[in-house]
Structure formats: structure tokens, C-alpha cells
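Asks: Supplied in C-alpha cells, the structure appears directly below.
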Amino acid sequence: MKSQKGLYNISYSFLSIGEQLAKEEGKHISHAEATKALETETKKMDQEFKEHSVAEFFKKNKQMLGFYGKVRTLTMVIHEYVTNSLDACEETGILPNIDVKIDELGKEYYEVMVKDNGPGIGQDNIGKAFGKLLAGTKFHRLIQSRGQQGIGCSGCTMLSQMTTGKASKIITGRKGKKAVSLEITIDPKSNEPKMTNIKEIDKAFEGTAVQSKFKDVLYRDSEQGPLEYLRRTAIANPHAQISFRDPQGQKITFKRTINKIPELPREVKPHPKGVTVDEIITLVKVTKARTVQSFISNDFDRTGAKSISELKKRVTFDLNKDPKKITWEESEEIIKAFKDIDFIAPTTDALRPIGEDQISKSLHSIVKPEFLTVLTRRPSVYAGGFPFQVEIAIAYGGDAGRKITGEGRKMEIMRFANRVPLPFDAGNCALTHAVQSIEWKRYNIRDAENSPVTVFINFISVHIPYTGAGKQSVADEDEVLEEVRLALMSTGRRAGIFISHKRKEAENQMKRKMFYKYIPEIAKALKEITKVSEDDMKKRLEKLVLEKLKLDEAKDAEEMKRMQDKMDKDSKSSVGDGNGKKAKTKKKKGKK
Ligand SMILES: Nc1ncnc2c1ncn2[C@@H]1O[C@H](COP(=O)(O)OP(=O)(O)OP(=O)(O)O)[C@@H](O)[C@H]1O
Ligand SMILES: [Mg+2]
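Residue numbers are given in my numbering: position 481 of the sequence shown equals residue 507, and the series is strictly consecutive.
What follows is the structure in C-alpha cells.
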């Protein structure tokens with residue numbers, strides 16, 4: 027009754043507004059006419075109610091996929107294709123050979139070609155891979171991979187057709203099967219692929235090649251351009267060979283520095299601390315378990331007998347119940363219980379860091395620094411349920427740092443997530459925030475901004491907490507910030523020792539130069555007093571200076587050694603054994 031009255035009041039107030047407006051316009055409108063007008067309006071609204079597909083949504087909101095800014099968009103396209111090639115090769119144990127070409131077709135009009143030697147795509151899936159948004163092989167799994175959403179290369183197909191009206195060309199072939207070539211677009215209304223010119227080709231081809239055209243984009247050889255993106259990709263993927271031909275026809279090949287394919291990442295089960303009520307409801311639909319108890323113990327990580335008995339005590343329903351019949355309220359009970367139960371920290375051995383040796387090799391080969399220090403921290407956990415790990419390197423001198431016009435170099439932060447460079451949205455990223463929070467002066471880097479330093483950070487996880495669909499910045503999770511900071515402090519200390527040593531060496535050189543400059547004059551003056559010959563006096567003074575400097579150097583070396591030993595001790599306690607046994611679960615304030 028009450029609600030009906032309320033409804034009447036609302037429509038009555040609408041009518042009054044209608045009457046009022048009509049009055050203001052000088053029209054006279056009766057109550058019946060106002061009722062009719064309202065009815066027509068609401069009918070129109072009902073007719074206008076439409077659905078739109080995810081493709082239409084992203085077509086209107088392409089910036090959400092990171093496609094904004096002319097230079098950025100072109101780099102993002104390269105990023106999407108190259109990350110797919112690397113993922114596909116790694117998953118099938120192939121050492122990646124990736125060719126990238128960019129041709130300028132007109133003003134702000136380019137053609138991109140990316141070819142890999144990967145496993146190819148099965149004919150049934152080519153359409154879904156390149157012509158359907160939110161479709162792929164990586165979404166419903168907790169595994170460390172570069173892609174995770176299913177909107178990367180399909181997003182590129184859509185951008186190409188949106189800006190040029192043209193289809194993307196795909197050639198893909200599998201071992202022992204004929205390769206296929208086709209042209210593809212997406213029907214935005216249905217988010218379904220449209221494939222034309224499908225042909226089998228006789229030439230043997232294993233891998234995938236994609237060629238697509240883009241307008242309103244721009245090629246630049248800048249920090250955010252494709253070349254720098256590929257250079258960084260090569261650093262974080264020393265097992266990959268990447269060749270690039272820019273629009274001017276210049277070629278560069280980043281050769282692989284190791285021949286070992288990274289160990290295949292393992293899929294992990296969700297950890298109870300990281301799931302939500304809704305996820306439980308989704309998971310029960312696909313479980314093979316016959317009871318809620320076996321569903322919890324088989325489909326989740328770290329749910330042994332002890333935690334099951336704890337769970338039994340905390341829920342009001344029988345755990346032998348069919349999991350498919352679980353209600354929302356029962357699922358809520360489970361999640362509430364999960365919060366109170368102490369579980370072992372999530373399994374972390376599914377993470378695959380690049381490794382200190384590999385990072386060191388590739389940075390030495392590409393950045394050629396004077397000094398380099400690398401640290402792989404032990405795995406940790408964020409938001410209670412997602413394992414992650416950070417790898418940090420600090421390179422100093424040589425080609426380290428960002429080149430600027432004129433003299434000198436600036437500090438450069440190379441951010442990576444699961445080995446993928448993140449050249450954009452730096453200001454919004456936890457990895458940048460961690461670097462900014464460090465007091466670099468404490469590590470002898472006096473003017474960090476203007477120092478020849480490259481800070482390399484690789485953040486790896488089975489689920490990267492990106493801040494947006496463009497996948498360019500990592501969210502400020504407390505545990506992530508803390509781990510990156512700790513790693514920066516350890517490597518910063520090492521870099522600080524080197525820099526202080528370098529500075530002392532330079533000071534000694536200066537001193538030597540200065541002393542030597544005045545020795546002849548002092549020798550001349552002393553000759554008058556001591557009657558020792560000028561030559562003899564010069565030799566004696568030089569010997570004195572050398573002895574003094576040697577003494578200083580010995581003192582410096584001793585100090586260096588002391589600091590080095592302390593640092594080795596520190597780093598031994600911070601580097602993990604890779605099996606995650608030492609991983610700690612920290613509860614995030616106010617979360618789950
Ligand atoms: N070069 C390739 N070789 C083999 N398979 C590929 C290749 N490129 C794309 N695929 C397949 O197409 C799917 C869709 O790719 P897409 O880039 O759209 O999404 P994704 O990589 O799964 O996730 P993300 O949106 O985060 O990039 C991939 O999951 C993969 O299965
Ligand atoms: Mg992808």
C-alpha cells in the first residue's frame with residue numbers, strides 16, 4: 027500500500043512539473059493531457075532501451091584499451107601482438123623469433139606486421155582470437171602469463187577497422203598442417219568475427235603473422251615509441267630474438283643472450299583468502315566435486331583437513347551438500363569463515379622470475395653499464411591470496427639512464443609486469459611510487475633525477491592488479507609497495523657503495539693532480555732552505571704523496587669490503603629459495 031502511494035506521489039509530482047512547464051510556456055494543459063504526455067514519454071523511453079555488445083562499448087571507449095595518443099597507440103599495438111607471440115612460444119616450449127615491421131603509408135597512417143615462430147592458432151579459433159573481444163585462452167586461470175583478458179589482438183583488429191575501414195590479414199600455420207591466410211574484422215553489433223578470403227597456402231609456415239593498418243597514429247623514436255618498447259622487451263626476455271624494421275627502413279636485431287626457454291609457469295588454484303562470494307558461486311558451476319567439502323579441498327589452494335574441520339565448525343549447513351546447490355547465503359558463510367581461519371600462505375612455486383643471471387646478461391649486453399646489481403626477492407602475497415615476486419636491478423654509468431639532448435643522462439625507471447614493459451601511465455603505478463619513496467641520497471645518488479641510473483623492476487604474479495584495461499600500471503597494493511621498496515633499498519645500498527668508491531677514486535685522482543702540480547714549486551722553495559737539490563726534493567715529495575694516497579686507497583678498500591660483507595649478509599636473508607616456503611601472508615587492512 028505504502029509503496030503504491032509512493033509511486034502515485036512520484037507520478038503526481040511528474041504531472042505537476044509537466045503542468046508547471048506548460049504554464050511557463052504560456053500553454054494551458056489539463057491534468058488528463060499531462061497524464062497522456064507522461065505515458066507517451068515513458069513508452070518512448072521503453073522503446074529506446076537498447077543493448078550493446080562489448081565490441082560496441084570498446085569501440086566507443088578505445089582509450090580504455092590504452093589506445094589514445096598517436097605515439098602511444100602505435101606502441102600499444104606492437105605491445106599487444108608481441109606479448110601474444112611471446113606467451114604462445116613460451117607455452118609451447120619454443121624459443122621465440124619475432125619480426126616486427128612498421129611502414130609509413132601516409133600522413134599518420136602506418137602498417138604494422140608482426141610475425142612469430144610460435145605454435146600457430148587452430149583454424150576454429152582464429153576468428154575468436156583476432157575477431158572477438160574478451161575471448162582467449164588466458165582469462166579463467168591463475169597462471170603467470172603476459173595476457174590475461176582476451177582483448178589485446180582483437181582490440182587491434184577493431185582499432186584498425188575503425189581508423190582505416192580495412193581488415194587485418196592473418197597467416198597462421200601449425201606443424202604438419204597447411205597454413206591458412208585470411209582477412210578479419212569484427213562485427214561490432216554482435217562482437218563476432220567476420221572472415222573473408224580464407225585460403226590454404228602451400229608454403230610451409232609455422233607460427234602466426236598479422237598485418238594491419240592504422241590511421242591517426244605516429245611513429246617516434248622516443249622513450250614511449252616502439253623501438254624503446256622492443257629494447258625493453260628484449261631486456262626482460264633474454265631468450266627471445268626480436269628484429270625490428272622502422273618506417274625509415276633501419277633494421278635492428280636484439281639477439282637472444284640465453285638459449286634456455288623459461289620453465290613453463292604452473293597454474294595455481296585460488297587461495298581461500300583471495301576469493302569472493304561471487305567467485306564461489308561461479309566455481310561451483312564447473313566443479314567436478316560431489317560435496318561442498320571436496321569442492322573446498324580439491325579446488326582451492328592450502329585447504330587441508332585442519333582447515334576443513336575449522337570450516338565445519340563455522341558454517342550452519344552440512345558440508346556434504348551438493349556444491350551445485352549452494353546458496354548465496356551459504357557461500358557468504360564460507361567466505362566469512364575463510365576470513366577467520368589461518369591458512370598456509372599461497373603456493374608460490376608457480377612464479378617464474380627472469381633470474382638474476384639472465385637479467386644481468388641482458389642489461390650488460392643492452393645497457394652496458396659501469397656497475398650493475400640485480401636482486402630477485404623471495405615470493406610474497408598481496409591481498410591475502412595472490413602470490414607475487416619482484417626483481418630489481420640498478421645499472422649505473424655506461425648507457426644507463428635516459429638520454430637527454432645535450433650532456434648528461436636522467437634516471438630511467440623500466441617497469442615490467444610479467445616481463446612486459448610498461449612504458450605508459452608511470453605516475454599512476456605502484457612501481458614508480460616505490461621508486462619515488464626512496465631517499466636516494468642515502469645511497470650516494472645525490473641528485474637521483476639527473477643521474478645516469480637505470481632502475482629495472484619486474485613484477486610477476488599469477489594475477490597482475492592492473493589499474494585499468496590498458497594494463498599499464500600496477501595498483502598500490504600495500505604488500506607490493508613494501509616488497510619493491512625493500513628490494514630497492516638492498517640494491518640501492520650496493521649501488522651506493524660503488525658510487526662512493528667511484529667518487530673517492532675521482533677525488534684521489536684530483537688530489538694527485540693537484541699535489542703534482544705544486545711539487546715543482548715547493549721543491550724549488552725547499553731547495554733554498556734545505557740545500558737538497560730540486561730533483562731530489564721532487565722525487566722525495568712525489569714518494570710522499572704516493573704513500574699518502576695509497577694509504578687513503580687502502581682505507582677506502584677496507585671500508586668497501588666491510589660494506590660489501592654486510593650487504594651480502596643482508597641479501598642472503600632477502601633472496602628466496604623459490605619454493606615459497608618462507609612466504610608470508612599479510613592481511614590487507616580493510617580488504618576481504
Ligand atoms: N601469435 C599468437 N600465437 C598463438 N596464439 C595467439 C597469438 N595471438 C593471439 N593468440 C590467441 O588469441 C587469444 C586472444 O588474444 P588477446 O591478445 O586478444 O588476449 P589475451 O592475450 O588472452 O589477453 P590480453 O587481452 O590481456 O592480451 C590468446 O589468448 C591466444 O590464445
Ligand atoms: Mg594478448
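Using N, Cα and C, we set each Cβ at its ideal position, and we do this for glycine too.
(1) At which residue ranges does the region 115-162 contain complete beta strand (DSSP E) runs of 3 or more residues, listed in the order of the chain?
(2) Start and end of the beta strand (DSSP E) containing lysine 528?
(3) Report whether the distance from the Cβ of glycine 146 to the nearest heavy atom of ligand 2 is below 7 angstroms.
(4) Near lysine 537, what residues of its chain come up, given a Cβ to Cβ distance below 7 angstroms and the 5 sequence neighbours on each side ignored?
(5) Nearest to serine 333 by alpha carbon, out of Glu356, Asn110, Glu293, Ile360?
(6) In the DSSP assignment, find the unbroken alpha helix (DSSP H) run with glutamine 187 in it and report its ends.
(7) Any heavy atom of ligand 1 closer than 7 angstroms to the Cβ of threonine 259?
(8) Around ligand 2, what residues have a beta-carbon under 5 angstroms from a heavy atom of it, in chain order?
(9) Counting along the chain, where does the beta strand (DSSP E) carrying valine 500 start and finish?
(10) Would you mind reading off the limits of the beta strand (DSSP E) that contains isoleucine 307?
(11) Counting only runs of 4+ residues fully inside the region 53-124, write out the alpha helix (DSSP H) ranges in chain order.
(12) CA-CA distance, arginine 375 and arginine 292?
(13) Can you tell me whether proline 219 is buried or exposed, with buried defined as 16 or more other CB within 10 angstroms of its CB?
(14) What would DSSP say about aspartate 368, mapped onto helix, strand or coil?
(15) Once DSSP output is grouped into helix, strand and coil, what is the label at alanine 235?
(16) Pick helix, strand or coil for alanine 583, following the three-state DSSP scheme.
(17) Rounded to a whole number of angstroms, what is the C-alpha to C-alpha distance between glutamate 465 and isoleucine 212?
(18) Output the boundary residues of the alpha helix (DSSP H) element that contains threonine 458.
(19) Does at least one heavy atom of ligand 1 sit under 7 angstroms from the Cβ of serine 194?
(20) When you measure from the CB of serine 180 to every non-hydrogen atom of ligand 1, does any distance come out below 7 angstroms?
(21) Which residues in the same chain have their Cβ closer than 7 angstroms to the Cβ of alanine 549, if we skip the five residues on either side of it in sequence?
(22) Report all residues from its chain with a CB closer than 6 angstroms to the CB of isoleucine 392; omit the five preceding and five following residues, and keep chain order.
(23) Would you say phenylalanine 369 and glutamate 356 are within 8 angstroms of each other, going by their C-beta atoms?
(24) How big is the Cα-Cα spacing for valine 80 and lysine 215?
(25) Count Cβ pairs between the region 445-455 and the region 415-430 that sit closer than 8 angstroms; are there 3 or more?
(26) Counting pairs of Cβ atoms below 8 angstroms between the region 299-314 and the region 273-285, do you hit three or more?
(27) Should glycine 494 be counted as a contact of ligand 1 given a C-beta to heavy atom distance under 7 angstroms?
(28) Which of helix, strand or coil does DSSP assign to asparagine 223?
(29) Buried or exposed for serine 171, going by 16 or more other Cβ atoms inside 10 Å?
(30) I need the DSSP call for glutamine 170, collapsed to helix, strand or coil.
(31) Which of the three DSSP states, helix, strand or coil, is assigned to alanine 426?
(32) Beta carbon of glycine 418, beta carbon of isoleucine 471: below 8 angstroms?
(33) To the nearest angstrom, how far is it from the Cα of asparagine 346 to the Cα of lysine 158?
(34) Can you tell me which of Asp366, Val510, Arg271 puts its alpha carbon nearest to the alpha carbon of threonine 402?
(35) Is the distance from the Cβ of threonine 480 to the Cβ of alanine 409 below 8 angstroms?
(36) Helix or strand or just coil, what does DSSP make of methionine 437?
Replies: So, from the data block:
(1) 123-132, 135-142
(2) Looking at the DSSP string, lysine 528 is not in any beta strand (DSSP E); the run it does join, the alpha helix (DSSP H), is 504-556.
(3) no
(4) Leu575
(5) Ile360
(6) 178-190
(7) no
(8) Asn110, Gly173, Gly178
(9) That residue, valine 500, is in no beta strand (DSSP E); it is neither H nor E in DSSP.
(10) It is not in any beta strand (DSSP E) - isoleucine 307 instead sits in the alpha helix (DSSP H) that spans 303-312.
(11) 57-74, 80-86, 96-117
(12) According to the sequence displayed, residue 375 carries aspartate and not arginine. For aspartate 375 and arginine 292, the distance between alpha carbons rounds to 8 angstroms.
(13) buried
(14) coil
(15) strand
(16) helix
(17) 50 angstroms
(18) 456-462
(19) no
(20) yes
(21) Glu560, Met563, Lys564, Leu567
(22) Ile261
(23) no
(24) 9 angstroms
(25) no
(26) no
(27) no
(28) strand
(29) buried
(30) coil
(31) coil
(32) One detail in the question is off: residue 418 reads as isoleucine in this sequence, not glycine. For isoleucine 418 and isoleucine 471, no; Cβs fall outside 8 angstroms.
(33) 40 angstroms
(34) Val510
(35) no
(36) coil
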